[in-house]
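There are 2 protein chains.
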Amino acid sequence: MASQALPYRPHNHQACVTQALADARAICRAQNARLTPTRERVLELIWQSHKPLGAYDVLAELTAEGQNAAPPTVYRALDFLQQHGLVHRIASLNAFIGCAHAGENHTGMFLICRSCGNVLELTAPGVSGAIEGAAKAESFKAEDVTLEIAGLCPRCQSETRHD
Amino acid sequence: MASQALPYRPHNHQACVTQALADARAICRAQNARLTPTRERVLELIWQSHKPLGAYDVLAELTAEGQNAAPPTVYRALDFLQQHGLVHRIASLNAFIGCAHAGENHTGMFLICRSCGNVLELTAPGVSGAIEGAAKAESFKAEDVTLEIAGLCPRCQSETRHD
DNA sequence: CTGGAAATGTTATAATGTATCAAATTACCC
DNA sequence: GGGTAATTTGATACATTATAACATTTCCAG
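From first to last, the protein sequence lines stand for chains C and Y.
Going by the numbering used here, the residue at position 38 of the first sequence is 106; the numbering climbs one at a time, nothing skipped.
Going by the numbering used here, the residue at position 72 of the second sequence is 140; the numbering climbs one at a time, nothing skipped.
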């Protein structure tokens, strides 16, 4: 079969970060939105890994770097990034993750490994369609979908555990 | 077309509560679980309406009734009720709602009206199937699905708004 | 009726998120 | 460029949600 999705295998993660930042700059330019230094740095921190990061983890990093940051600093940056589709909030974890499909119009679906913590963001048209259909059947006007699936990623399933 | 789902139309809500409590008693009896007075009262409070209730709202009610309650009192009761499938936590709202399909093996899907606050819990096999399929395609072992859809319920859509 | 498990009481604190207003910076029009 | 409004940031305080830890009580099986 094909290789596993990115978060689940070793890869040059710096390339992910670089790409995400480049995409973000392009998107903000196109939308006339200001990707200020703090916003960009928060995005970069969020992209440190494929694991979601809490707002206070971001805050701790900024503080460690000597930035004069308070909770609103971080939440404002995260709000901005969310509004421009650059990060997603994972409601079941109260944490944030870089958007893997920035710029594309998509409904995120997140596979969250409870063992290693990595998150894979998917776009599954079949799922979106089924959800929209179910909502429509109830005459409900869907505006925002939260779809988060906790479980075990391929790698963590294959690790034998005898504890 | 058929009538709208329960939360979206006037109904004798006391019947919902009575039914939910009766179901809960039966389920707990069957599982040898103790539906203590506090747990039962919390379940009843959660069922006051089809709107999700915050843990601290429940706490305030208990306190108002003269119960000697603290946050752990409520969270423990809610944990118990969740474990026995009697209430659900709505992650996107940090709130709790009575389970409309207690006893049935189901994956909840919640339609949350951002206007009136009512929540409809659905079981949509097509959706569950699509989600499982998408997870399987990534070799991901799904264990727990959070599916919450915010939008407008039928009633709130039809209310004309000129503000 | 007693020993152990389950449930509750109690206090304190952790973790997450906002409100508010002042100051600084930036964009924009002329 | 100079003035002005809008946006962004700084700073303080606070609100909301949730858990840790340990003492006490209640329940129930044997």
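The C-beta atom is built at its ideal place from N, Cα and C for all residues, glycine as well.
All figures in this text were calculated on a predicted structure; none of them were measured in a lab.
(message) If you reduce the DSSP assignment to three classes, tell me which class C167(C) lands in.
(response) Coil at C167(C), not helix or strand.
(message) Residues in the same chain with beta-carbon distance under 6 Å from P75(C), minus the five sequence neighbours each way, listed in chain order, please.
(response) Answer for P75(C): H118, N186, L188, listed in chain order.
(request) Check each candidate in R144(Y), G122(Y), Q87(Y), H174(Y) and name the one with the smallest Cα separation from N162(Y). (result) The option with the nearest alpha carbon to N162(Y) is G122(Y).
(request) State the Cα-Cα distance for the pair S71(Y) and C224(Y), rounded to the nearest angstrom. (result) Cα-Cα distance, rounded: 16 Å.
(message) Can you check whether the C-beta of E211(Y) is within less than 9 Å of a C-beta belonging to chain C?
(response) E211(Y) counts as touching chain C.
(message) So, does the region 143-162 of chain Y touch the region 104-117 of chain Y, judging by three or more C-beta pairs under 8 Å?
(response) Here the region 143-162 of chain Y makes contact with the region 104-117 of chain Y; the two share three or more CB pairs at distances below 8 Å.
(message) Going by C-alpha to C-alpha distance, which of E227(Y), F178(Y), E206(Y) sits closest to A218(Y)?
(response) Considering only alpha carbons, the answer is F178(Y).
(request) Output, in chain order, the set of chain C residues within a Cβ distance shorter than 8 Å of G219(Y). (result) Residues of chain C with a Cβ closer than 8 Å to the Cβ of G219(Y) are, in chain order, A203, F208, K209, A210, E211, D212.
(message) Among the candidates C184(Y), Y124(Y), I180(Y), whose CA atom is the shortest distance from the CA of E211(C)?
(response) Considering only C184(Y), Y124(Y), I180(Y), the residue with the shortest C-alpha distance to E211(C) is I180(Y).
(request) Examine chain C for any beta-carbon lying closer than 9 Å to the beta-carbon of I199(Y), and answer yes or no. (result) Output row for I199(Y): interface = yes.
(request) Please name the residue in A98(C), T191(C), D125(C), E200(C) whose C-alpha comes closest to that of F164(C). (result) Closest by alpha carbon: D125(C).
(request) Could you check what DSSP says for T214(Y) in three-state terms: helix, strand or coil? (result) Looking at T214(Y) - three-state DSSP - the assignment turns out to be strand.
(message) Classify R107(C): buried if its beta carbon has 16 or more other beta carbons within 10 angstroms, exposed otherwise.
(response) Per the 10 Å Cβ criterion, buried.
(message) Considering just the uninterrupted stretch of the beta strand (DSSP E) at L190(Y), what are its terminal residues?
(response) 187-190 is the extent of the beta strand (DSSP E) around L190(Y).
(message) Quick check on A98(C): buried or exposed, where buried means 16 or more other Cβ atoms within 10 Å of its Cβ?
(response) Exposed: under 16 other Cβ atoms inside 10 Å.
(request) Taking C96(C) as part of the alpha helix (DSSP H), name the residues at either end of that continuous run. (result) Looking at the DSSP string, the run of the alpha helix (DSSP H) that includes C96(C) is 81-98.
(message) Taking only three categories from DSSP, how would you classify G197(Y)?
(response) Looking at G197(Y) - three-state DSSP - the assignment turns out to be helix.
(request) Work out the CA separation of A94(C) and S160(Y) for me, nearest whole Å. (result) Straight-line Cα distance between these residues: approximately 30 Å.
(request) Would you tell me roughly how many angstroms separate the C-alpha atoms of A88(Y) and G171(Y), rounded to the nearest one? (result) Those two C-alpha atoms are separated by around 11 Å.
(message) Taking the alpha-carbon of V142(C) as reference, which of T104(C), V195(C), N100(C) has the nearest alpha-carbon?
(response) The shortest Cα separation from V142(C) among T104(C), V195(C), N100(C) belongs to T104(C).
(request) Determine the direct distance from the alpha carbon of A145(C) to that of A137(C), and round the result to whole angstroms. (result) Rounded to the nearest whole angstrom, the C-alpha separation of A137(C) and A145(C) is 11 Å.
(message) I'd like to know if G194(Y) contacts chain C, where contact means its C-beta is closer than 9 Å to some C-beta of that chain.
(response) Chain C has a Cβ within less than 9 Å of the Cβ of G194(Y).
(request) Using 10 angstroms around the beta-carbon of A205(Y), count the other beta-carbons present and answer buried if the total reaches 16, otherwise exposed. (result) With fewer than 16 other Cβ atoms within 10 Å, it is exposed.
(message) Going by the DSSP bridge assignment, what does H156(Y) pair with across the sheet?
(response) For H156(Y), which the question treats as bridged, DSSP gives the partners I165(Y).
(request) Using three-state DSSP, classify C224(C) as helix, strand or coil. (result) Residue state, collapsed to three classes: helix.
(request) Out of P120(C), Q150(C), P193(C), C184(C), point me to the one whose CA is closest to H174(C)'s CA. (result) Ranking the options by Cα distance to H174(C), first place goes to P193(C).
(message) The beta strand (DSSP E) that contains F178(C), what's its start and end?
(response) Judged by DSSP secondary structure, F178(C) falls within the beta strand (DSSP E) whose first and last residues are 177-181.
(request) Give me whichever residues DSSP pairs with G219(Y) in a beta bridge. (result) Within the DSSP bridge table, the entry for G219(Y) names A210(C), C181(Y) as partners.
(message) Is there a C-beta anywhere in chain C that falls below 9 Å from the one on A73(Y)?
(response) Interface criterion met: the Cβ of A73(Y) is under 9 Å from a Cβ in chain C.
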